[in-house]
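Single-structure report; data block below.
Residue numbers (our numbering): 2 to 181.
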């Protein structure tokens, strides 16, 4: 009669899968794209390097869609050939880049005595556009000026929780003097 008692082992868990990368310090990561990340798991017994069958363990994923640290937890399966202490392995989901969908454009303006929007509204993916006249203080309101002159409007996409902000761009705008 064969011994059917599961064998207690220490295991190592390796992650692999499309889009999963590792950087120089050995951290596994994906770049955010809105989908759940489920790297392929390989479980190996450390004493004899035997690769465990899928039926020997279960895999669960947590926090594996949005920016931050995600976890793969491997547990020995009931009725499997091996038993081991739950093995969590972490990987990162890094922010992706926000992008301009449409760039703010300079308006064709002539002095009329009122404050005028200097640019058209821009649009973005992965965040929202913010504007500035000094490249320091940004806000969501389109800058306005009243007097004739040339102005530089800076704009950037302010990233959301899963996207990095973009570098500032700029557009030159002239309010022409009114002809009388």
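Where is the CB? At the ideal position from N, CA and C, for every residue including glycine.
None of these values were measured; they are calculated from a predicted model.
One or two residues paired with residue 104 in a DSSP bridge: Its beta-bridge partners do not exist; DSSP assigns none.
Residue 54 vs residue 63 beta-carbon contact at 8 Å: no
Where residue 163 falls, given that 16 or more other Cβ within 10 Å makes a residue buried: buried
Segment contact, 8 Å Cβ cut-off, at least three pairs: the segment 111-126 with the segment 81-94: no
Segment limits, beta strand (DSSP E) that includes residue 144: It is not in any beta strand (DSSP E) - residue 144 carries neither H nor E in the DSSP assignment.
Extent of the continuous beta strand (DSSP E) to which residue 151 belongs: 150-160
Given 8 Å, three or more beta-carbon pairs between the segment 30-46 and the segment 10-20: yes
Short Cβ contact (8 Å threshold) for residue 120 with residue 75: no
Nearest neighbour of residue 94, chosen from 28, 172, 135 [CA to CA]: 28
Unbroken stretches of the beta strand (DSSP E), 3 residues or longer, contained in the segment 54-129: 58-63, 69-77, 88-95, 100-103, 124-126
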